[in-house]
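To start, the structure itself, in structure tokens.
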Amino acid sequence: MTGKYLFNKYYNLSNIISLILFIISIFFLTFKGLNYGVDFKGGTLIELRSDNTNYKTEDIRGAFNKLNLDDLSVKKFGAEGDYVIKFKRSDLNEPDFIKNLKNDLDNYLEDYSFRRVENVGPKVSAELLQDGVTAIAIALAAMLIYIWFRFEWQFSIGAIVAIFHDVIITLGIFSLLSLEINLSIVAAVLTIVGYSMNDTVVIFDRVRENLKKYADIKIFDLTNLSINETLSRTLITSVTTLLALLSIFFFGGEILKGFSFAMILGVILGTYSSIFIANPVLVYFKVSQKTLIKEED
Amino acid sequence: MLYFSRLKIISIIVFCLSLIFFSISNFINNEDFFLKKKVNLGLDLQGGSYLLLEVDKNPVINQTLQSKLTQVRNYFKKKEIKTFDYKLGKQKVLFKSDTNDQEKILELFKNDNELNPYFDVYKSYQYNVELIDNIFELTLTKYGIIEIEQSLLDQAIEIVRKRVDEVGTNEPSITKSGSNRIAVELPGLDNPDRIKSLLGRTANLTFRFVTQNTDASFGSEKLKDLDTGEELNVSKRIIISGDNLIDAKPQMDNINNETVVSFTLDRLGARKFGRATKNGIGKQLAIVLDNQIISAPVIRDVIASGSGQISGGFTFQSATDLALLLRSGALPAPLDIIEERTVGPDLGEDSIKAGVLSLIIGFILVILYMIYKYRLFGLISNFALIINLFMLLGFLTIFEATLTLPGIAGIILTVGMAVDANVLIFERIKEELKKEKNKVIAFDNGYTLSRTAILDANITTIIAALILFVFGSGPVKGFSVTLSIGILTTLFSVYYIARLLTSLYVIKNKNNEVTIK
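Chains as they are written, first to last, in this note's numbering: chain B, 1154 to 1450; chain A, 39 to 555.
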């Protein structure tokens, strides 16, 4: 009695794959780093729409190049004629900066408008980054404590390892693809933390229930049984969440692309890790009926 | 868990209907409709400008210490305690005394409220005194600085409000942010250039004489004349300042055919100005704004009426702005614009369209999938989901919450995750139906046994959302709001709406075949 599918046969293999992915991600995060947006790096972002269809990205870049801006980047942004321009500026306190910039730009471009302007000073960006990191750290700690409170410490470690796995690999992929990290990605990461936890908790809840029921089944098979019993729920919820996220990704506009992409990665990884990471940890710690009874004494 | 009393059913219906009622007021544009509440759209959806200003407290702290220095010197003179070698250090006042007076001085700093005020609220003194190498070091305590910051911020926010109101934008929101910042939200404003340049100026106006000799008692300084570009030697003695102004407005001067700013002085200012112009006929009067001379006319006549004109090669726009700045008064300290986010109205509109489109598509996909998976029970769950969305919108309306683009993403995510609880329950019921002959008991067990998992799962998500609410800023905060309210309405819709419908169906069909596909 261990369930229809033998997930536990692949515990070792999947853990090795995950470990490799994890190490590669850490490698990328350390050596390549993350592509921080203006929220965290400071600087200026302009979303520009040009109604002149003859312009190519090079023309826009050329025009901005003439304005002597540091660290300039010009990229297409979604629809035809939309661009995102980012640069650093030295004098943040010049209130007429954007006005002057427009005046200068008029010499090189026509039929354009600024749809969005974001200006973040170095002090604010440093604070936002710190807030983001603190938020994620506190979220992880809160989850750890909650699970510890509701289950036993072995479960808590299993869940946290799974969440770490999801967050680090998601960020690793963002680093690999040089995708921008901004405030909404922090929101996505926090939601991934919540979602991954959610998935793990549902399986753990069943593991605990089964531990009480079956004294004779070893934890290796017991986790597999629990995974099987909750499998259709795990899959259905992942599918509905993914349907919603894919809808945001394809129809929600450029601004939500990064957010929904991070979430999609997180949901896939979260589903995988709640099965293949969280449960092997219980096996590793040799969780048994005694673990529960000891706690109740 | 399947039994509902009649009273309970009625209260569930009433509760849902009232929330739906609130949500509907968002879709009615009729002015006569008695409910005016609507969900606020964030700046990223309706377009507008967000500015974060920081008050530069350092000049004021230096000023405070400077006047503290004078106060302390006079205080000890009056007490006939010999103190000397007063100096203004970096963020501190330094002075010396005779060695045998040191104890007494330290004692006075502890006990005399006039010399060193004690704040009961903070349980702290305003100043900290230390004796290092026989030199007294007077520094502001943490709370002394906070006190300065707070009064500074209170004054600054008042002036900012006046200036923004004078420009006449639509429903601006001006709020304190932390201990030394002001957040300005200007909905609908797609070009904040003018407001930025108005807020970026301290607007410290003074009328002072241009002098040749360095005035002994007050000193003088070299200031640049904006009009001619030359440097003039201006006395530090202030005849009148912007505080004496009661009105200022732009005006067309028909004689010289240029735009000027005409001003009216209060009684005290008028008297001072009259005396100064009387004594100073033939002298050059410098009109100084933020350490730059805007004009330096020669006084030809006594001006006793208390009103006058400033000319300085203004355009109509710059004269209007100067008049506005003078009317609203000077800022107590310079403001730095440390963050700015502006979204044009067309981008906001596009974002709303994209957000709503993706919500509808996501919603339809989830609904179809649930029907495919669970047939009749899918329909029940979908019905609960629809009510859930209306309730979520109803709550957002009642709290007048701000809906942002990430907030819409939060709603879509709620749609995806809301069905989770029902899925957990239905899957559990399926398992129970295999073991249990009595359908009512099987359904009941399904609900009971899945409850802990559902609670755990939702509490963890709420924890994440709340942390985001505390640490998130701007639009991202909107995401945490919709996500957390969404979780609560989801739990309600699952346990009260879907369960009610399920129980009605099961109890009615308890002798027939009931399957969850």
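Idealized CB from N, CA, C, for every residue including glycine.
Handout entry: Top-ranked residue by Cα proximity to A:N149, from A:N166, A:Y160, A:K134
Key = Taking the first residue of the second sequence as position 1, residue 149 of chain A is located at position 111. Ranking A:N166, A:Y160, A:K134 by Cα distance to A:N149 puts A:N166 first.
Practice task
For the region 241-274 of chain A, list the alpha helix (DSSP H) runs that are entirely contained and at least 4 residues long, ordered along the chain.
Solution key: none
Exercise for the section: State yes or no: is the beta carbon of B:P1433 nearer than 8 Å to at least one beta carbon in chain A? Expected result: As a working mapping, residue 1433 of chain B is identified with position 280 in the first sequence. B:P1433 does not count as touching chain A.
Exercise for the section: Please name the residues in the region 1392-1406 of chain B whose beta-carbon is closer than 7 Å to at least one beta-carbon of chain A, in chain order. Expected result: V1392, T1393, T1394, L1396, A1397, L1398, S1400, I1401, F1404, G1405, G1406
Handout entry: Whole alpha helix (DSSP H) elements within the region 1286-1342 of chain B, 4-residue minimum
Key = 1306-1329
Practice task
Check whether the Cβ atoms of A:M429 and A:T527 sit closer than 8 Å, and answer yes or no.
Solution key: For the purposes of this step, residue 429 of chain A is taken as residue 391 along the second sequence, with counting starting at 1. For the purposes of this step, residue 527 of chain A is taken as residue 489 along the second sequence, with counting starting at 1. The answer is yes: Cβ separation under 8 Å.
Handout entry: Reduced DSSP secondary structure (H/G/I, E/B, other) of A:V340
Key = Taking the second sequence and counting its residues from 1, one reaches residue 340 of chain A at position 302. A:V340: coil per DSSP, three-state reduction.
Exercise for the section: Could you tell me whether the Cβ of A:L462 comes closer than 8 Å to any Cβ of chain B? Expected result: Taking the first residue of the second sequence as position 1, residue 462 of chain A is located at position 424. Cβ-Cβ to chain B under 8 Å: yes for A:L462.
Practice task
Name the two residues that bound the continuous beta strand (DSSP E) containing A:V552.
Solution key: Against the second sequence, residue 552 of chain A aligns to sequence position 514. No beta strand (DSSP E) contains A:V552, which DSSP labels as neither H nor E.
Problem - Chain-order list of residues whose beta-carbon lies under 8 Å from that of B:F1181 (same chain, five-residue window excluded) - result: As a position in the first sequence, residue 1181 of chain B is number 28, starting the count at 1. Closer than 8 Å at the Cβ level, and outside the excluded window around B:F1181, lie G1325, S1328, L1329.
Practice task
Would you mind stating whether A:T240 and A:I276 have Cβ atoms separated by less than 8 Å?
Solution key: For this step, residue 240 of chain A is matched to residue 202 along the second sequence. For this step, residue 276 of chain A is matched to residue 238 along the second sequence. Against a cut-off of 8 Å, the Cβ pair of A:I276 and A:T240 comes out as no contact.
Exercise for the section: At 9 Å on the CB atoms, spell out the chain B contacts of A:A194, in chain order. Expected result: In the second sequence, residue 194 of chain A corresponds to position 156, counting from 1. Residues of chain B passing the Cβ test: none, with the nearest at roughly 16 Å.
Handout entry: Integer Cβ distance of A:K477 from A:V544, believed to fall under 8 Å
Key = The count along the second sequence starts at 1 and reaches residue 477 of chain A at position 439. The count along the second sequence starts at 1 and reaches residue 544 of chain A at position 506. The Cβ separation is near 6 Å, so the contact holds.
Problem - Contacts around B:R1359, its chain only, beta-carbon distance under 7 Å, and the 5 residues preceding and following it disregarded - result: As a working note, residue 1359 of chain B is residue 206 in the first sequence. S1379, E1382, T1383, listed in sequence order.
Handout entry: Any 3 or more C-beta pairs closer than 8 Å across the region 1435-1442 of chain B and the region 513-523 of chain A
Key = no
Handout entry: Segment contact flag, the region 352-362 of chain A with the region 170-187 of chain A, C-beta cutoff 8 Å, min 3 pairs
Key = no
Practice task
Use the C-beta contact count for B:D1450: other C-beta atoms within 10 angstroms, 16 or more gives buried, fewer gives exposed.
Solution key: Taking the first sequence and counting its residues from 1, the one referred to as residue 1450 of chain B is at position 297. Residue placement at B:D1450 cannot be trusted, given a pLDDT of 49 that sits under 50; what the coordinates show is reported in the next sentence. B:D1450 is exposed by the Cβ-count criterion.
Practice task
Quick one: residues in its chain with C-beta nearer than 6 Å to the C-beta of A:I143, no 5 flanking neighbours on either side, listed in chain order?
Solution key: Within the second sequence, the letter at position 105 stands for residue 143 of chain A. The residues are S135.
Handout entry: Cα-Cα separation between B:S1441 and B:K1366, rounded to whole angstroms
Key = As a first step, residue 1441 of chain B must be located in the first sequence, where it is residue number 288. As a first step, residue 1366 of chain B must be located in the first sequence, where it is residue number 213. So the alpha carbons of these two residues sit roughly 11 Å apart.
Exercise for the section: Output, in chain order, the set of chain B residues within a Cβ distance shorter than 7 Å of A:G524. Expected result: Here the question's residue 524 of chain A lines up with position 486 in the second sequence. Those within 7 Å of A:G524 in chain B number zero; the least Cβ separation is about 12 Å.
Handout entry: Meets three-Cβ-pair contact criterion under 8 Å: the region 259-266 of chain A and the region 119-127 of chain A
Key = no
Practice task
Check A:F301 in the structure and name its three-state DSSP category.
Solution key: Within the second sequence, numbered from 1, the residue matching residue 301 of chain A stands at position 263. Three-state result, A:F301: strand.
Practice task
Can you tell me which of the three DSSP states A:Y88 falls into?
Solution key: Looking up residue 88 of chain A in the second sequence gives position 50. Here A:Y88 sits in strand by DSSP.
Exercise for the section: In angstroms with no decimal places, state the Cα-to-Cα distance between A:I284 and A:E204. Expected result: Translated into the one-based positions of the second sequence, residue 284 of chain A becomes position 246. Translated into the one-based positions of the second sequence, residue 204 of chain A becomes position 166. Looking at the two C-alpha atoms, the distance is approximately 15 Å.
Problem - B:D1450 - DSSP class collapsed to helix/strand/coil - result: As a working mapping, residue 1450 of chain B is identified with position 297 in the first sequence. Because B:D1450 carries a pLDDT of 49, less than 50, the predicted location of this residue cannot be relied on, and the following value inherits that uncertainty. Coil.
Practice task
Answer yes if the region 80-88 of chain A comes into contact with the region 224-241 of chain A, meaning at least three C-beta pairs across the two stretches below 8 Å, and no otherwise.
Solution key: yes
Exercise for the section: Report the rounded CA-to-CA distance for A:L55 versus B:R1269, giving the unit in angstroms. Expected result: In the second sequence, residue 55 of chain A corresponds to position 17, counting from 1. In the first sequence, residue 1269 of chain B corresponds to position 116, counting from 1. Approximately 40 Å between the Cα atoms of the pair.
Exercise for the section: Check the Cβ-Cβ distances between B:N1205 and every residue of chain A, and say whether any is below 8 Å. Expected result: Here the question's residue 1205 of chain B lines up with position 52 in the first sequence. No, its Cβ sits nowhere closer than 8 Å to a Cβ of chain A.
Practice task
Mind the definition here: the region 1252-1262 of chain B touches the region 1163-1170 of chain B only if three or more C-beta pairs lie below 8 Å; say whether that holds.
Solution key: no
Problem - When B:D1223, B:Y1158, B:L1281, B:L1293 are compared against B:V1342, the one with the closest alpha-carbon - result: Here residue 1342 of chain B refers to the residue found at position 189 of the first sequence. Checked all of B:D1223, B:Y1158, B:L1281, B:L1293; the closest Cα to B:V1342 is B:L1293.
Problem - Residues that B:V1227 bridges to, as DSSP identifies them - result: On the first sequence, position 74 is the one that residue 1227 of chain B refers to. Answer is B:I1238, bridged to B:V1227.
Practice task
Starting from the beta carbon of B:T1424, find every residue of chain A whose beta carbon is closer than 7 Å, and list them in chain order.
Solution key: For the purposes of this step, residue 1424 of chain B is taken as the residue at position 271 of the first sequence. Chain A residues near B:T1424: none, gap ~12 Å exceeds 7 Å.
Practice task
Assign A:G267 to one of two classes, buried (16 or more other C-beta atoms within 10 Å of its C-beta) or exposed (fewer than that).
Solution key: What you label residue 267 of chain A is simply residue 229 of the second sequence in a count that begins at 1. It counts as exposed.
Handout entry: 8 Å Cβ cutoff met for A:G318 and A:F247
Key = On the second sequence, residue 318 of chain A is found 280 positions in, with the first residue counted as 1. On the second sequence, residue 247 of chain A is found 209 positions in, with the first residue counted as 1. Their beta carbons are under 8 Å apart, which means A:G318 touches A:F247 by this criterion.
Practice task
Go through its chain and collect everything with a Cβ distance to A:L538's Cβ below 6 Å, but skip five positions before and after it.
Solution key: In the second sequence, the residue the question calls residue 538 of chain A occupies position 500. Only F42 meet the Cβ criterion.
Practice task
Below 8 Å on the Cβ atoms is my guess for A:L176 versus A:K117; work out the distance and round it to an integer in Å.
Solution key: The sequence position of residue 176 of chain A within the second sequence is 138, counting from 1. The sequence position of residue 117 of chain A within the second sequence is 79, counting from 1. Wrong, their Cβ atoms sit about 16 Å apart, outside the cutoff.
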